[in-house]
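Asks: Protein sequence lines correspond, in order, to chains Y and E. Residue numbers are given in the working numbering: position 215 of the first sequence equals residue 215, and the series is strictly consecutive. Residue numbers are given in the working numbering: position 45 of the second sequence equals residue 45, and the series is strictly consecutive. Each residue gets a CB set at the ideal place from its N, CA and C atoms; glycine is no exception. What follows is a structure written as structure tokens; I'll ask about it next.
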Amino acid sequence: MGAEGIGAAVRRKEDFRFLTGRGNYTDDINRPGQTHAYFLRSQVAHATIGKIDTSKAAKAPGVVAIFTGADFAADGKGGLPCGWLVKNKDGSPMQEPPHPVLAQGKVRHVGDPIAVVIAETREQAKDAAELIDVQLTELPVVGTMADAVKPGAAKIHDGGNVCYDWHIGDKDACEAAFKKAFKVAKLDLVNNRLIPNAMEPRAAIGDFDRATGEYTLYTTSQNPHVIRLLMGAFVLQIPESRLRVVAPDVGGGFGSKIFHYAEEATVTWASAKVGRPIKWTCDRAESFMSDAHGRDHVSHAEMAMDKDGKFLALRVKTDANMGAYLSTFAPAVPTYLYATLLAGVYTTPVVYAEVRALFTNTVPVDAYRGAGRPEATFLLERLVDNCAAEMGMDRVEIRKRNFIPSDAFPYQTPVALQYDSGDYQATLASALKISDWAGFEARRAEAKKRGKLRGIGISTYLEACGIAPSAVVGSLGARAGLYECANIRVHPTGSVTVFTGCHSHGQGHETTYAQLVADRLGISIDQIEVSHGDTNKIPFGMGTYGSRSLAVGGTAIVKALDKIVDKAKKIAAHLLEASPADIELKDGKFVVAGTDKAKAFGEISLAAYVPHNYPIDTVEPGLEETAFYDPKNFTFPGGCHICEVEIDPDTGVTKVVKFTAVDDVGRVVNPMIVEGQVHGGLAQGIGQALLETCVYDGNGQLRSGSYMDYTMPRADDLPSFDVATQSTLCTHNPLGVKGVGEVGAIGSPPAVINAVVDALRETGVRHIDMPATPAKIWALLNSGRRAAAE
Amino acid sequence: MPKVSLTVNGRTVSAEVEGRTLLVQLLREKLGLTGTHVGCDTSQCGACVVHIDGKSVKSCTVLAVATDGANVTTIEGLANGNELHPMQAAFKEHHGLQCGFCTPGMVMSAVDLAKRNSNPSEHEVREWLEGNICRCTGYHNIVKAVQAGAKAMAGAKAAAD
């Protein structure tokens, strides 16, 4: 590796602008003549809409226009589309109810947008919205999944409250295996609902150009091309050639900025109606009730074991909350991103999972960092601890005994996936060593002297990312391909612009991608700019989520670089009077093998654009190449997380005192960025385990609707982390990379809860649902409610 | 509408504002200083931290009219041209930022800590940053950056003295 190439901890190119306040986020953009939008949202969870009287509001100062769902309908515009079709057990399609941009006929959750007010200032729009009179007739509220399936429950949609009833695996083989079981471990658990909370609230500016008939949408998106496709083709019927979507600097996404939201379509459509740009920026309170939420599963799991503690079969039943409408990729999360991961790192030969997706009067639920994989990992790694307890075996030993051996790859699981590489014993051994697992009992005894309950927990996890082979996801119901696009433009002077369809909202692509190019072409990263986030600059792209930016987007860059180098060699061969086959690219120079005859990269690029002495009969002028890459398989990062906690029995407060993560993320391009990604994931995983949860009351009112109610992890809630990588290479992409964006959030929650349960074990506690708050732990320890937790 | 005059990043500015206008709105909307961010509406997240007369303050909790005559420094006023302030440089060196949205508030808050405590412990940094939320970094590298930045600021001050 060079000082700036693959493997170097290069400091980030993007940092200067962020550190000096020169970032360019959507809310920082202002368009000439701009107006401001404010959305009137439902304050009740379920009601029919009667008359909407906007007459007073329309006369309020500064008001330009007011639109409701009826205006969208009258204009023949569509609803928000769902990008994934899941089929029921009997092969019939899932229930896919309409998702109007602005509510039509009914409101279905607190926060459902009813009307939009467009005014000269944001404050005027907000003031006017208070003057709109909406007649709502409240309906019974389906607040929880249990409510959704009660006989006689109110129907949120005409087709009822079940979205789909899906399954995967061999049910008969599973039942047969359970009949042979020596022992069975069982567990009921909840995967708590989370609110993603990227620090930048969502924002959108719609800007219709009356001269050209072109629309521009500036938006806080992880995937501007996907928004262009969904909004242009399905909602507003605007051809791609007339619709530009720009996602400039975006302040974090974590999944919540993948989806196409109502506000984007509204400001785009309405900007043509009012003939002026329209800006909307979300309040945090609005974002709590309008950003798609994450997780929210209730599951029952059983593992059958033989007399040696080998897993024979896993049986899982899960209810997954979809919220009130289907968000863009919601149906895929509790199915193909969840149940396919239930084999984990183990040789369990039979897995059978049933998943029911239910509608409730809550905000839609969709992918949030990890998306399905944290839910699968939490279930499996909690259950494996129970397996150890059931068998009277050591927690580490039962894992080792069931690991897929390192020589068994490629490994076909019973739930569709084929893992390409991994070494679970190696990541386990490394984590045990770094965490000083062997010395734990002495630390527990020492803590006990101080009156603290200390526990240690482990999770050996795996995830599937680098999504995804288009044909595979297509066969599973995806309505999009999941390839990626890169365009490399070598300029005459030899500087390079990389255009990628992926999108950086914290991941550091401007640095990592530049390293790929620097490594290959031998030029400085200062000469390389990475451009993303504008559909007018980049041919196409599927965006950034599912830890795909390097495995898929990076590979597209490598493929484009292959073409650049191939063409440059032909030009160099001509200039050096040699055969292209004899040209080598070394340290930024094209060299005739075995000679000192060479041309610098800049000389070749100049020749490409000033083709005086040039192989013009066989090689086109210019040096710019585009590549699309469709991955051959998912990638499978994995590893071992070990958490140590201390609980104060007087207060119930849990402190994470030590956290070790050893992850196999494939080849590491920038170790500094990789560690940072793991740190951030761990904070979200520990947040889920100990602090964060979304709470609705029985009337569908969101109780955790601000930072005073929803516990975001703060600096003093977390420890410093011991993070290491112990990688095997991905076998099916040229870089050998697997992805790192989600591992921290996937591996950590069960490690934390396993540690909490370990700390409480001697008091009889066998399980605690997330988040393990002080109140919950104190109650378990002090009010004789232990039995309830078992 | 009331008129306010104040110094922002060394420049005297004046503007007409509504009584309800917040300092952060004055900075972002009237003065075009969009480096100061708004991440919440309950004064919890700290993305809007600026210095008023040298002390870190959440600019979403201050009415613009209350800053008449004040000396305000925002993230745009910290670097010396293209030369980063030691705290900014430490954030870059230690990868203390990812998406960059909480970063301006985080840096401004850290600078105030470093002025009060040139060698803060990990515990002291974590307690100080309780009012600045970051969703990306898990704080690990922010803590390292703040400690290194505080040392660098003390070193630069000693050299100047």
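Of all the alpha helix (DSSP H) runs that stay within the bounds of the stretch 127 to 186 of chain Y, which reach a length of 4 or more residues?
Replies: Counting only runs of 4 or more, we get 145 to 148 and 171 to 179.
Asks: Taking Cβ-Cβ distances shorter than 7 Å, what residues in chain E pair up with Met708 (chain Y)?
Replies: As a working note, residue 708 (chain Y) is residue 708 in the first sequence. By Cβ distance, chain E contributes Thr42 and Gln44.
Asks: DSSP three-state call for Met303 (chain Y): helix, strand or coil?
Replies: Here residue 303 (chain Y) is taken as the residue at index 303 of the first sequence, counted from 1. In this structure, Met303 (chain Y) counts as strand in the three-state DSSP scheme.
Asks: Rounded to the nearest angstrom, what separates Ala789 (chain Y) and Ala177 (chain Y) at their Cα positions?
Replies: Locating residue 789 (chain Y) in the first sequence gives position 789, counting from the first residue. Locating residue 177 (chain Y) in the first sequence gives position 177, counting from the first residue. Any reading at Ala789 (chain Y) needs caution, since the residue's pLDDT is 49, under 50, leaving its predicted position unreliable; the model's value is listed next. Each residue's alpha carbon lies about 28 Å from the other.
Asks: Could you check if Ile616 (chain Y) is buried or exposed, using at least 16 other CB atoms within 10 Å of its CB as the buried criterion?
Replies: Here residue 616 (chain Y) is taken as the residue at index 616 of the first sequence, counted from 1. Looking at its Cβ environment, which holds fewer than 16 other Cβ atoms inside 10 Å, Ile616 (chain Y) is exposed.
Asks: If I'm right that Leu760 (chain Y) touches Leu453 (chain Y) with Cβ under 8 Å, what's the distance once you round it to whole angstroms?
Replies: Within the first sequence, the letter at position 760 stands for residue 760 (chain Y). Within the first sequence, the letter at position 453 stands for residue 453 (chain Y). So it is a contact: roughly 6 Å between Cβ atoms.
Asks: Applying a beta-carbon distance threshold of less than 8 Å, which residues of chain E neighbour His532 (chain Y)?
Replies: As a working mapping, residue 532 (chain Y) is identified with position 532 in the first sequence. What His532 (chain Y) touches in chain E: nothing, since even the nearest Cβ is about 14 Å away.
Asks: Since Asn197 (chain Y) meets chain E, which of its residues come closer than 7 Å, beta carbon to beta carbon?
Replies: The residue given as residue 197 (chain Y) occupies position 197 in the first sequence. Those are Arg135, listed as they occur along chain E.
Asks: Compare the C-beta of Arg824 (chain Y) with all C-beta atoms of chain E and state if any pair is closer than 9 Å.
Replies: In the structure as shown, chain Y starts at 1 and stops at 790, and residue 824 (chain Y) therefore has no counterpart that could be examined.
Asks: I need the straight-line Cα distance from Val405 (chain Y) to Tyr424 (chain Y), nearest angstrom please.
Replies: Here residue 405 (chain Y) refers to the residue found at position 405 of the first sequence. Here residue 424 (chain Y) refers to the residue found at position 424 of the first sequence. Note that residue 405 (chain Y) corresponds to Pro in the displayed sequence, not to Val. When rounded, the distance between both Cα atoms is 8 Å.
Asks: As a quick exercise: from Y:Glu14, Y:Ile66 and Y:Phe67, pick the residue whose alpha carbon is nearest that of His95 (chain E).
Replies: Locating residue 95 (chain E) in the second sequence gives position 95, where the first residue counts as 1. Considering only alpha carbons, the answer is Y:Glu14.
Asks: Could you tell me the alpha carbon to alpha carbon distance between Leu63 (chain E) and Leu23 (chain E), rounded to whole angstroms?
Replies: For the purposes of this step, residue 63 (chain E) is taken as residue 63 along the second sequence, with counting starting at 1. For the purposes of this step, residue 23 (chain E) is taken as residue 23 along the second sequence, with counting starting at 1. About 5 Å.
Asks: Under 9 Å, CB to CB, which of the residues in the stretch 6 to 25 of chain Y have a partner in chain E?
Replies: Listed by position along the chain: Ala9, Arg11, Arg12, Glu14, Asp15, Phe16, Arg17, Phe18, Leu19, Thr20, Gly21, Arg22, Gly23, Asn24 and Tyr25.
Asks: For Gln412 (chain Y), is the classification buried or exposed, using 16 other Cβ atoms within 10 angstroms of its Cβ as the cut-off for buried?
Replies: Within the first sequence, numbered from 1, the residue matching residue 412 (chain Y) stands at position 412. Result: exposed.
Asks: If contact means a Cβ-Cβ distance below 7 Å, which residues of the stretch 89 to 120 of chain E contact chain Y?
Replies: Correct list: Phe91, Lys92, Glu93, His95, Leu97, Gln98, Cys99, Gly100, Phe101, Cys102, Thr103, Pro104 and Val107.
Asks: Under 9 Å, Cβ to Cβ, is there at least one residue of chain Y near Glu16 (chain E)?
Replies: The sequence position of residue 16 (chain E) within the second sequence is 16, counting from 1. No, Glu16 (chain E) lies away from the interface with chain Y (no Cβ there is under 9 Å from its Cβ).
Asks: With a cut-off of 8 Å on the beta carbons, I'd call Cys502 (chain Y) and His532 (chain Y) a contact; round off their distance for me.
Replies: Taking the first residue of the first sequence as 1, we reach residue 502 (chain Y) at position 502. Taking the first residue of the first sequence as 1, we reach residue 532 (chain Y) at position 532. Indeed they touch by this definition, with Cβ atoms about 6 Å apart.
Asks: Of all Cβ atoms in chain Y, is any one closer than 9 Å to the Cβ of Leu129 (chain E)?
Replies: Here residue 129 (chain E) is taken as the residue at index 129 of the second sequence, counted from 1. Yes, because at least one Cβ of chain Y sits closer than 9 Å to the Cβ of Leu129 (chain E).
Asks: Which residues does DSSP list as the beta-bridge partners of Ile205 (chain Y)?
Replies: Sequence index remark: in the first sequence, residue 205 (chain Y) carries index 205 (1-based). Paired residue(s): Y:Tyr218 and Y:Lys279.
Asks: Buried or exposed: which applies to Gln527 (chain Y), given that a residue is buried once 16 or more other Cβ atoms fall within 10 Å of its Cβ?
Replies: Sequence index remark: in the first sequence, residue 527 (chain Y) carries index 527 (1-based). Burial call: buried.
Asks: Near Thr281 (chain Y), which residues of its chain fall below 6 Å by C-beta distance, leaving aside the five closest residues on each side in sequence?
Replies: Your numbering for residue 281 (chain Y) matches position 281 in the first sequence. Excluding residues within five positions, the ones whose Cβ falls inside 6 Å are Asp27 and Ala203.
Asks: Looking at C-alpha atoms only, which residue of E:Glu18, E:His140 and E:Ala66 is the closest neighbour of Gly681 (chain Y)?
Replies: By 1-based counting over the first sequence, the position of residue 681 (chain Y) is 681. It is E:His140.
Asks: Let me confirm a value: Arg785 (chain Y) is counted as buried when at least 16 other C-beta atoms fall within 10 Å, else exposed. Which label applies?
Replies: Along the first sequence, one-based indexing puts residue 785 (chain Y) at 785. Low confidence applies here, because Arg785 (chain Y) scores a pLDDT of 49, under 50, leaving its location unreliable; read the following figure in that light. Result: exposed.
Asks: In three-state DSSP terms, what is Val552 (chain Y)?
Replies: Taking the first sequence and counting its residues from 1, one reaches residue 552 (chain Y) at position 552. Helix at Val552 (chain Y).
Asks: How would you label Val10 (chain Y), buried or exposed, when you count the other beta carbons within 10 angstroms and need 16 or more for buried?
Replies: Residue mapping note: residue 10 (chain Y) aligns to position 10 of the first sequence, counting from 1. Per the 10 Å Cβ criterion, buried.
Asks: Going along the chain, which unbroken runs of the alpha helix (DSSP H) with 4 or more residues stay wholly within the stretch 31 to 103 of chain E?
Replies: Entirely contained in the stretch 31 to 103 of chain E, the alpha helix (DSSP H) runs reaching 4 residues are, in chain order, 86 to 93.
Asks: Restricting to Cα atoms, I'd like to know which of Y:Val149, Y:Tyr215 and Y:Ala330 is closest to Gly159 (chain Y).
Replies: For this step, residue 159 (chain Y) is matched to residue 159 along the first sequence. Per the Cα distances, Y:Val149.
Asks: Could you please give me the residues that DSSP links to Cys640 (chain Y) through a beta bridge?
Replies: Walking along the first sequence from the start, residue 640 (chain Y) turns up at place 640. Answer by DSSP bridge pairing, in chain order: Y:Thr460 and Y:Val662.
Asks: With a 10 Å radius around its C-beta and 16 neighbouring C-beta atoms as the bar for buried, classify Gly744 (chain Y) as buried or exposed.
Replies: To locate residue 744 (chain Y), count along the first sequence from 1; it is residue 744. The residue in question, Gly744 (chain Y), is buried, as its Cβ has 16 or more Cβ neighbours within 10 Å.
Asks: Residues of chain E with CB closer than 7 Å to the CB of Arg714 (chain Y), please, in chain order.
Replies: Here residue 714 (chain Y) corresponds to residue number 714 of the first sequence, with the count starting at 1. By Cβ distance, chain E contributes Glu130 and Ile133.
Asks: What are the uninterrupted segments assigned as beta strand (DSSP E) that are 3 or more residues long and contained completely in the stretch 381 to 463 of chain Y, given in chain order?
Replies: Whole beta strand (DSSP E) segments, 3+ residues: 453 to 462.
Asks: In whole angstroms, what separates the C-alpha of Thr103 (chain E) from that of Ala47 (chain E)?
Replies: Along the second sequence, one-based indexing puts residue 103 (chain E) at 103. Along the second sequence, one-based indexing puts residue 47 (chain E) at 47. Rounded to the nearest angstrom, the two C-alpha atoms are 7 Å apart.
Asks: Quick check: the stretch 37 to 51 of chain Y against the stretch 685 to 701 of chain Y, are there 3 or more CB pairs under 8 Å?
Replies: Touching, per the Cβ criterion.
Asks: Threshold first: 4 residues or longer. Then list the alpha helix (DSSP H) segments lying entirely within the stretch 98 to 140 of chain E, N to C.
Replies: Counting only runs of 4 or more, we get 103 to 116 and 122 to 128.
Asks: 9 Å is my cut-off, CB to CB: does Thr61 (chain E) come that close to chain Y?
Replies: The residue given as residue 61 (chain E) occupies position 61 in the second sequence. Cβ-Cβ to chain Y under 9 Å: no for Thr61 (chain E).
Asks: Under a three-way DSSP split, which group does Ser531 (chain Y) fall into?
Replies: Translated into the one-based positions of the first sequence, residue 531 (chain Y) becomes position 531. Strand.
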